[in-house]
Amino acid sequence: MLDKEGIAKRIAKEVKNNTYVNLGIGIPTLVANYLHEGINVCFQSENGLLGVGHFPKEYAVDPDMINAGKQTITALPGASSFDSAMSFGMIHSKKIDLTILGAMEVSENGDIANWKIPGKMVKGMGGAMDLVASAKHIIVAMQHVNKAGESKLLAKCDLPLTGKNCVKRIVTELAVIDIAPEGGFVLIERAPGVSIEQIKNATAGKLLIHGDIPEMAL
Amino acid sequence: MKRGNFDIDFIHQIISMIYKLVTDAAAAVADITDGSTLMLGGFGLCGIPENCIQAILEKGTTNLTCISNNAGVDDFGIGLLLQQKRVKKMISSYVGENEEFERQLLSGELEVELIPQGTLAFRCMAAGYGMPAIYTPAGVGTEVATGKESRIFDGKEYLLETAFNADFAIVKAWKGDTDGNLIFKSTARNFNPLMAMAGKITIAEVEELVEPGILDPDQIHTPGIYVHRIFEGKNYEKRIEKRTTSK
């Protein structure tokens, strides 16, 4: 079973050379720490920066330079800043190669819910509805089950949707799973030490298992 | 619109055509009336018009509709207006980090329209470009699409989203000149230049105000034609929501 860092490490293997990538808040942000040697990536932050760098040293903190999670950041050499329309313009015109974001629920046809629990929690969708509507490739980073122990991989989402038919791949503490074009969760890899039974038990939606399922190499 | 013997629309015209400089935030927001619709620039607490928010708070204006990506935090930014229940309706994309906001929302005291961040930007942009509406794929198949017209282009569905109509746009820039030209800094730019173009009356507060001719025309983000009132702000706190550093 993987911890959060492990999930980020596994997703880092999905990031291809010379691509523009948008990272969501939480586990996705950690992916930047595990990029492989020689992988050249430009991170976009949808509040208006391409070329997001490391967190600043204490002396270099600039309140005017933050990421979409409102953390203070730095800009790398070659970075550019822009307004919010241009930022979402580059998202909707499909210039962003990969979006990695968290989710509360994913359904077996690739629907995602991550912005609202009616009557309990309303934080808003931020840029997530834009990102999932237009990204070329979407990977969800999340825990397989919620705090109550219920599966987050469902036949159909119960929570209000963020987007429909958009998720391509899910990486959890238990497995790497793809969404089949005709629907269903296709098991691709198991996390180290995790059995197929464990993954089956934690997946409420239809789990498709074709042949031998390899263990993740991290 | 009449107030005493003055025709306010005429005054607006004079201010915008002849002289944009106002003395301070209080003067800039003096004619914002109860029930107005305001656009407020900023992302989180980054690039928010601190001086004007404080002046509106002190002036006592209430029943406001605020279009802003976020709602501040409990004791800063738009959160200050929310705490005193001056806001009737918020139109935002993300409102976490504000307990009082969440309380008013869940109790039904505050009307809230949550919309995708790109849609918020494009609806500002549409207003600034004189376009009545735009199409976007954000929100298709979700509750955001409820009651909206949609259309298929090249096999993909898009929602029709209309331009915002705001009485005042209130923005914060890094530098500006007395002709209203604005330059923003880093990610404090965000919604500010879009909203500056979109307000019927646009108020700009800047950290540094200079005479015309000092700013390089090639570096201007917002041409002065969009800005009706400008002043140099004071005592910027520039509060950081999530100070994150590396060793």
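From first to last, the protein sequence lines stand for chains B and V.
Heads up, the first sequence is in our numbering, so the first residue is 490 and it goes up one at a time.
Heads up, the second sequence is in our numbering, so the first residue is 803 and it goes up one at a time.
Backbone N, C-alpha and C define an ideal beta-carbon position, used for all residues, glycine too.
- Looking at the DSSP output, V:N983 shares a beta bridge with no other residue.
- When B:N635, B:I702, B:L650, B:E704 are compared, the shortest CA-CA separation from B:A693 is found for B:N635.
- In terms of Cβ geometry, B:S569 and B:L539 form a close pair [threshold 9 Å].
- Nearest Cα to V:Q886 within the set V:I893, V:S895, V:F903, V:G898: V:F903.
- Straight-line spacing of the CA atoms in V:G932 and V:N967 works out to 11 Å.
- Closer than 8 Å at the C-beta level to chain B, one finds these residues of the region 849 to 873 of chain V: G849, N871.
- By the neighbour-count criterion, in which a residue is buried when 16 or more other Cβ atoms sit within 10 angstroms of its Cβ, V:Y1028 is buried.
- Contact of V:L912 with chain B by beta-carbon distance below 7 Å is absent, the smallest such distance being about 11 Å.
- Counted as a single uninterrupted DSSP element, the alpha helix (DSSP H) harbouring B:V621 occupies residues 617 to 623.
- Beta-bridge partners assigned by DSSP to V:S894: V:L916.
- Sorting B:G638, B:G673, B:V611, B:G578 by C-alpha distance to the C-alpha of B:Q687 places B:G638 at the top.
- In the DSSP secondary-structure assignment, V:L866 is bridged to V:V889.
- Considering only V:D826, V:Y821, V:K822, the residue with the shortest C-alpha distance to V:N1037 is V:D826.
- If you ignore the 5 residues before and after B:G495, its C-beta comes within less than 8 Å of the C-beta of E662, A680, L707, all in its own chain and listed in chain order.
- Put simply, the backbone Cα of B:W604 is about 20 Å away from that of B:Q560.
- Using a CB distance cut-off of 9 Å, B:K502 does not count as an interface residue toward chain V.
- Inter-residue distance for B:K657 and V:D833 is about 52 Å (C-alpha atoms, whole angstroms).
- In summary, V:R953 is exposed, with fewer than 16 beta-carbon neighbours lying within 10 Å of its beta-carbon over all protein chains present.
- In this structure, the beta-carbon distance from V:E1034 to V:E1013 does not fall below 9 Å.
- Within the region 933 to 1019 of chain V, the complete beta strand (DSSP E) segments of 3 residues or longer fall at 935 to 938, 952 to 955, 958 to 964, 968 to 979, 1001 to 1012, listed in chain order.
- Cβ neighbours of B:V621 within its own chain (closer than 8 Å, five residues either side excluded): T588, L590, I601, I627, T651, G652, C655, V656.
- Secondary structure of B:K493 (DSSP, three-state): helix.
- Close partners of B:M705 in chain V (Cβ separation under 8 Å) are lacking, with about 28 Å as the shortest Cβ gap.
- Counting only residues of its own chain and dropping the five nearest sequence neighbours on each side, V:S895 has a CB closer than 7 Å to the CB of N871, L916, I917, P918, Q919, L922.
- Nearest CB-CB separation between B:S576 and chain V: below the 9 Å threshold.
- For B:F532, there is no enclosing alpha helix (DSSP H); the enclosing beta strand (DSSP E) has its first and last residue at 530 to 534.
- Proximity of chain B to V:M927 at the Cβ level (cut-off 7 Å) is accounted for by A574, in chain order.
- In the DSSP assignment, B:M579 falls outside any beta strand (DSSP E) and lies within the alpha helix (DSSP H) extending over 573 to 581.
- For V:F955, the closest alpha carbon among the candidates V:T938, V:C926, V:T944, V:N994 is that of V:T938.
- For the region 1030 to 1048 of chain V, the set of residues with a beta-carbon nearer than 8 Å to any beta-carbon of chain B comprises K1040, R1041, I1042, E1043, K1044, R1045, T1046, T1047, S1048, in chain order.
- Residue environment analysis places V:L962 among the exposed positions, since fewer than 16 neighbouring C-beta atoms fall within 10 angstroms of its C-beta.
- Ranked by Cα distance from B:V510, the first of B:N522, B:I500, B:F532, B:L519 is B:F532.
- In the three-state reduction of the DSSP assignment, B:Q560 falls in the strand class.
- Excluding five sequence positions before and after V:F986, the CB atoms of its chain that fall closer than 6 Å to its own CB belong to A975, W976, N994, H1023, given in chain order.
- A direct Cα-to-Cα measurement between V:G879 and B:A557 gives close to 17 Å.
- Among the residues of chain B, none has a CB under 8 Å from the CB of V:F966; the nearest is roughly 12 Å distant.
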